[in-house]
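As given, the protein sequences belong to chains X, Y and F, one line each in that order.
Taken in order, the first sequence gives residues 1 to 218; the numbers are from full-length UniProt numbering.
Taken in order, the second sequence gives residues 1 to 142; the numbers are from full-length UniProt numbering.
Taken in order, the third sequence gives residues 1 to 189; the numbers are from full-length UniProt numbering.
As structure tokens, the structure follows; a few thoughts come after it.
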Amino acid sequence: MAHLGPGKAASSKEQTGLRYPSNGKTIYHRPLNRTKTAELSQSSFAYLFSEMVTYAQRRVTGIQELEKRLNVQGHPIGLKLLDLLLMREPPRTQTRPLTIIALLHFIKINLWTHLFGRQADRLEKSSNPDTPDEYMIVDNEPVVNAYISVPREMSQLNCAAFVAGIIEGVCDGAMFPARVTAHSVGGKEEGEMWPGKTVFLVKFQPEILEREALLGKP
Amino acid sequence: MSYYFAIIGTQDNPLFEYEFGTSKQGGDGQSRFTEQAHHLNQFVLHSSLDIVEEVQWMNGQLYMKVIDKFFTNYISCFMTGGNVKFLLLHQPPQTEEAIKNFFNEVYENYVKAIMSPFYKVNMEVRSPVFRQRVAAAGRKYL
Amino acid sequence: MASSKASRLGEETRMDKVNAELVVLTYGAMVAQLCKDFDSDYVKVNQQLDKMGYNIGLRLIEDYLAKSNTFKRCSNFRETAEMIAKVGFKIFLNITPTITNWTSDGKQFSLVFDENPFADFVELPDDGRAQDELWYSNILCGVLRGALEMVQMQVEAKFVSDVLRGNDTTEMRISLIRYIDDELPPEDD
Chain X
1 MAHLGPGKAA SSKEQTGLRY PSNGKTIYHR PLNRTKTAEL SQSSFAYLFS
51 EMVTYAQRRV TGIQELEKRL NVQGHPIGLK LLDLLLMREP PRTQTRPLTI
101 IALLHFIKIN LWTHLFGRQA DRLEKSSNPD TPDEYMIVDN EPVVNAYISV
151 PREMSQLNCA AFVAGIIEGV CDGAMFPARV TAHSVGGKEE GEMWPGKTVF
201 LVKFQPEILE REALLGKP
Chain Y
1 MSYYFAIIGT QDNPLFEYEF GTSKQGGDGQ SRFTEQAHHL NQFVLHSSLD
51 IVEEVQWMNG QLYMKVIDKF FTNYISCFMT GGNVKFLLLH QPPQTEEAIK
101 NFFNEVYENY VKAIMSPFYK VNMEVRSPVF RQRVAAAGRK YL
Chain F
1 MASSKASRLG EETRMDKVNA ELVVLTYGAM VAQLCKDFDS DYVKVNQQLD
51 KMGYNIGLRL IEDYLAKSNT FKRCSNFRET AEMIAKVGFK IFLNITPTIT
101 NWTSDGKQFS LVFDENPFAD FVELPDDGRA QDELWYSNIL CGVLRGALEM
151 VQMQVEAKFV SDVLRGNDTT EMRISLIRYI DDELPPEDD
């Protein structure tokens, strides 16, 4: 365990070199609790996101590496949203998730509603007795896929890897370290209702299940 | 009365610390800790982290109230969603409500600090505006 | 087109919406990634952001024309400025920057951003350089450059101040270099 020694501590005398506008236009001067969440056109997101994917594509070889990179870019967003969303909760429901189920509900309801304006479609626990550490969050039509056109040669790419990274960030931040991957499961045939359907597979680290067992929580 | 406030990262690493005095009952807001007390405070605060670890999975409330005592020193704790601890060393009598309000105001500013795309987990919070905001919260509630 | 008409066009344009914070956080993650990829060479980051914006601009103009229902070509650069500020920015970022500081020849103006959603949560890195070198929202310059090129205008767009750098305003300077169809060879009779 590190010590809060005088040398190591963030000294109050330490000065930063950052300049601030005299009119005080910094993040600290704006309220975070916005009553109405501002909206932007979906196409702004689509343009930005496709450009991000195109750029990332040039720096990797193969789809897997690209998905990994998108995951990594989503991760810090999850870490930040965990606290942003908790901070905005009313006092009564402002609690840290203590169980896997509470955490997954937070993701399915709070995170999804915030980002996409609706809850995720389903939450499932793996029915395979060999993988009790696996959970699935199902989205029938992820925004990141609905408006992003993926180049033909990358048809296997699921841009929801970015969202998987956000989920992973939330899990890691809340001390439920997990690996989250996005998988396309939509049918390819004509007339399929949800061609973009995606399963986010959340695989928790073994110690998380041990901890739950120890705490006697279901 | 003087206060010692610290933000501790997920690796038990200090991210921010601030000493101040009460602004209530004519207090001037200046810390009256001696150099010796300053070191002891850091030690006391740090020792309480073990207790935080014991209780953090019992209750999901962010504000955990007083979690530890060391002679006349009390340690109150607030835990963020990302498992970063806000610790305040104080002496009684302090209303839980005042400390809660202080923590909540610091929390809002902390979230602003970590929202920046350039803020990485467990980085020191060095913004002078953040420090001013913590000082203001201290003046307002403590 | 009268400026009040331009404002109304921006207001009335309806389309699917997403949470602004999703866009803002995605942009932030991207800029942070670029800073990492280019090893905090902010000049290169600015260039890359401009380039990405340019690519977006090339594609976005179609969308803009469809959503704004403007089939008529702007008759002069002043009208172009109005449409950028009151329709383009309104449609895509839900803000209306102020047009100001025209040069007397009517070929240069500034957009001053009272709000800039991209910068909402941002504090630049405290490394002694970012505030002098990085133009955090530089993608917007590229977008304008690309979009206007598609309607036969070659412009230069660059930020000249940014509240993130400690300036009191965020200002982008746009200069008309030329109308591209001016350059078409004269027809032989």
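Note that the Cβ used here is the ideal one computed from N, Cα and C, for glycine as well.
List, in chain order, every chain Y residue whose beta-carbon is nearer than 8 Å to that of residue 174 of chain X. 81, 82 and 83
Provide the residue span of the beta strand (DSSP E) that contains residue 14 of chain Y, from first to last. Per DSSP, the continuous beta strand (DSSP E) segment holding residue 14 of chain Y begins and ends at 14-21.
Nearest residue (CA-CA) to residue 69 of chain Y, options Y/137, Y/59, Y/49 and Y/13: Y/49
Distance CB(residue 169 of chain F)-CB(residue 112 of chain F) smaller than 9 Å: yes
Give me the subset of the stretch 119-136 of chain Y whose CB atoms are less than 9 Å from a CB atom of chain X, sorted by chain position. 119, 120, 121, 124, 125, 126, 127, 128, 129, 130, 131, 132 and 133
Among Y/80, Y/27 and Y/47, which residue has its Cα nearest to the Cα of residue 56 of chain Y? Y/80
Express the C-alpha separation of residue 125 of chain F and residue 4 of chain Y in angstroms, rounding to a whole number. 28 Å
Using alpha carbons as the reference points, say which of X/139, X/26 and X/210 lies closest to residue 193 of chain X. Of X/139, X/26 and X/210, the residue nearest in Cα terms is X/139.
Any Cβ of chain Y within less than 9 Å of the Cβ of residue 29 of chain F? yes
Start-to-end residues for the beta strand (DSSP E) that takes in residue 136 of chain X: 134-139
The ligand MG heavy atom lying under 8 Å from the CB of residue 71 of chain X: This structure does not include the ligand MG; it has no bound ligands of any sort.
Measuring straight from C-alpha to C-alpha, what distance separates residue 210 of chain F and residue 112 of chain Y? Look at the range of chain F in this structure, 1 to 189, and you will see that residue 210 of chain F is not part of it.
Which stretch, first to last residue, makes up the beta strand (DSSP E) that contains residue 161 of chain F? In the DSSP annotation of this structure, the continuous segment of the beta strand (DSSP E) that includes residue 161 of chain F starts and ends at 153-161.
Going by DSSP, name the residue or residues bridged to residue 68 of chain Y. For residue 68 of chain Y, which the question treats as bridged, DSSP gives the partners Y/75.
With which residues is residue 44 of chain X paired in a DSSP beta bridge? Paired residues: none, contrary to the question.
Can you list, in chain order, the stretches of the beta strand (DSSP E) that have 3 or more residues and sit fully within the stretch 3-82 of chain F? 17-19
What's the C-alpha gap between residue 17 of chain X and residue 127 of chain F? 8 Å
Quick check: the stretch 49-67 of chain X against the stretch 65-79 of chain F, are at least 3 beta-carbon pairs closer than 8 Å? no
What does residue 131 of chain F touch in chain X if you count any residue whose Cβ is under 9 Å from its own? 17, 18 and 19
Enclosing alpha helix (DSSP H) for residue 149 of chain F [first to last residue]: 139-150
Taking the alpha-carbon positions, what's the residue 95 of chain X to residue 62 of chain Y distance? 6 Å
Taking its Cβ as the centre, do 16 or more other Cβ atoms sit within 10 Å of residue 2 of chain F, making it buried, or is it exposed? The predicted model places residue 2 of chain F with a pLDDT of 49, which falls under 50 and marks its position as unreliable, so this point remains unresolved.
In this structure, does DSSP put residue 108 of chain X in helix, strand or coil? DSSP places residue 108 of chain X in helix when its eight states are reduced to three.
Closest by C-alpha distance to residue 195 of chain X, when choosing among X/130, X/41 and X/187: X/187
Which residues does DSSP pair with residue 4 of chain Y in a beta bridge? Y/19 and Y/89
Measuring straight from C-alpha to C-alpha, what distance separates residue 38 of chain Y and residue 75 of chain Y? 15 Å
By the 10 Å Cβ neighbour count, where 16 or more other Cβ atoms means buried, how is residue 62 of chain X classified, buried or exposed? Answer is exposed; the Cβ neighbour count stays below 16.
Using C-beta distances below 7 Å, list every residue in its chain close to residue 130 of chain F, excluding the 5 sequence neighbours before and after it, in chain order. So the qualifying residues of the chain are 42 and 124.
Determine the DSSP secondary structure at residue 198 of chain X, reduced to helix, strand or coil. strand
Using the rule of at least 16 other Cβ atoms within 10 Å of the residue's Cβ for burial, across every protein chain shown, is residue 101 of chain F buried or exposed? exposed
Boundaries of the beta strand (DSSP E) in which residue 179 of chain F is found, first to last residue: Where residue 179 of chain F is concerned, the enclosing beta strand (DSSP E) starts and stops at 171-179.
At what residues does the beta strand (DSSP E) containing residue 221 of chain X begin and finish? Outside the modelled stretch of chain X, which goes from 1 to 218, sits residue 221 of chain X, for which no answer is possible.
According to DSSP, is residue 10 of chain X part of a helix, a strand, or is it coil? Residue placement at residue 10 of chain X is poorly supported in this model, since its pLDDT is 42, which falls under 50; the coordinates still yield a value, given next. Correct three-state label for residue 10 of chain X: coil.
Could you tell me the distance, in whole angstroms, from the CA atom of residue 212 of chain X to the CA atom of residue 99 of chain X? 7 Å
What residues from the stretch 100-115 of chain Y come within 8 Å of chain F, judged by C-beta to C-beta, listed N to C? 112, 113 and 115
How would you write the range of the alpha helix (DSSP H) that residue 124 of chain F sits in, first residue to last? For residue 124 of chain F, no alpha helix (DSSP H) encloses it, and the DSSP letter there is neither H nor E.
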